[in-house]
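Count the sequence shown with the working numbering and you get residues 17 to 284, in order.
Glycine included, each C-beta is placed from N, C-alpha and C at the ideal position.
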Amino acid sequence: MLGRGLRACGARQLARHLHAYIYMSDPVSETRRLRPWARAGLLFAAALCSGPAWCSGQPIQPLGSIRAAAMDFVRAEMPSGDNDIVVTASRLDPRLRFVRCGGPLEAGLLTGTRLQAQASIAVGCHQGADWTVYVPVTIASRIHVWALKSPEVQGARLRADDVIAETRLVSGLAVGYVTDLAQLPRSTLRHPLPAGAVLMAQDLLPDFMVRQGEQVTLVAGAQGIQVRAAGVALQDGRYGTLIRVQNVSSSKVVQGVVETGRVVDVTP
C-alpha cells in the first residue's frame with residue numbers, strides 16, 4: 017500500500033530530483049562523494065518519509081529548522097568564547113518535504129569525518145518519523161591579519177611599515193596566520209609574495225638563533241618557578257624550532273625550543 021502511495025505521488029520523479037540535489041547542491045561532493053550505499057539510503061529514506069507527507073497532508077518539517085540544527089551542531093563544536101566564527105548552511109531545495117519530527121532533530125558528522133571548512137552534517141529524525149538529510153555547511157573565520165602593502169621578493173626581511181592591518185573573512189578556522197609582528201625582524205620570506213597577500217606563518221623562514229657547538233642557556237619552568245643552566249647546542253637551531261642540547265653540569269642530552277638570546281626552553 018505504501019508502494020502504491022509513493023507511485024501515486026511520483027516516487028521516481030522525487031528520486032531523480034533528490035539524486036540531482038545531492039550532486040549539484042553539496043559542495044563537499046565535489047571532492048568527496050558519498051558512498052553508493054549512503055546515497056541509496058538517503059534517497060530511500062527521503063522518499064519513504066516524503067511521500068506520505070505530500071499525499072496525506074501530514075505536517076511538514078520546516079526546512080529552516082533542519083538548516084538551523086546543522087548550524088547549531090557546528091557552533092557547539094567550535095572553541096568556547098570564539099565569536100568570530102561564521103557558520104552557514106546551504107539553502108535546501110524548497111520542493112523537499114519531510115514529515116514533521118515528533119522530537120528534537122539530531123545532528124552529527126558522517127562516520128569517520130571531522131569538521132573542515134566545508135562539511136556535510138547529517139540531520140535526522142527518529143521520533144514520530146524516520147528520515148535523514150545531509151546539509152552542506154561552510155565554516156569561516158573573521159580575523160585580524162597583516163597584508164603586504166607592496167610586492168616582496170624571496171629573502172626579504174619585512175618591517176612593521178611593510179604591512180597593513182586588515183579584517184578578513186577566511187575559510188575554515190583562523191590558524192596559521194601571522195598575528196605577532198615581532199616575528200618579522202627575525203625572519204625572511206620563503207618565497208615572493210604579491211601586494212595584498214596575507215602573511216601566513218609558513219611564509220616566514222625564522223633566522224638561526226644558535227649554531228651547533230655554541231654555548232646556550234637552558235631554561236625550565238613549572239608552577240611559577242624557573243631554573244636556568246648552562247648548555248651546549250648539539251645542532252643548529254632556528255627561532256621556534258626544536259633542537260637537541262646538552263646540560264654542561266649533568267651531561268644529559270635533552271630537547272628544547274629555541275628562543276632569542278641563545279636561550280633554549282627545555283620545559284617538559
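Exercise. Check V90 in the structure and name its three-state DSSP category.
Key: Here V90 carries a helix assignment [DSSP, helix/strand/coil].
Quiz prompt | M225, enclosing beta strand (DSSP E) - first and last residue | solution = 224 to 226
Quiz item: Unbroken alpha helix (DSSP H) runs of length 4 or more, entirely within the segment 139 to 220: which are they?
Solution: none
Quiz prompt | Cβ pair count under 8 Å reaching 3, the segment 180 to 189 against the segment 197 to 211 | solution = no
Quiz prompt | Nearest to L112 (by Cα), restricted to the options G256, R83, T129 | solution = R83
Quiz item: What does a CB cutoff of less than 6 Å around P75 pick up in its chain, not counting 5 residues either side in sequence?
Solution: Here the set comprises R116.
Quiz prompt | Residue closest to I155, alpha-carbon to alpha-carbon, out of S106, M216, Q271 | solution = S106
Practice problem: Check whether the segment 229 to 242 touches the segment 193 to 203, counting contact only when three or more Cβ pairs, one atom from each stretch, lie closer than 8 Å. | Solution: no
Self-check item: Inter-residue CB distance, A238 and T276 (contact presumed, cutoff 8 Å)
Solution: Their Cβ separation, rounded to whole angstroms, is 22 Å, which puts A238 and T276 out of contact at 8 Å.
Quiz item: So does L164 have its beta carbon nearer than 7 Å to some heavy atom of the ligand MG?
Solution: By its list of ligands, the structure shown contains no ligand whatsoever, and the ligand MG lies outside what it can speak to.
Quiz item: Under 8 Å between the Cβ atoms of P222 and Y255?
Solution: yes
Quiz item: Does the distance from the C-beta atom of G247 to that of V274 stay below 8 Å?
Solution: Their beta carbons are not under 8 Å apart, which means G247 does not touch V274 by this criterion.
Exercise. Determine the direct distance from the alpha carbon of C141 to that of M216, and round the result to whole angstroms.
Key: 42 Å
Practice problem: State the beta-bridge partners of S136 as determined by DSSP. | Solution: P152
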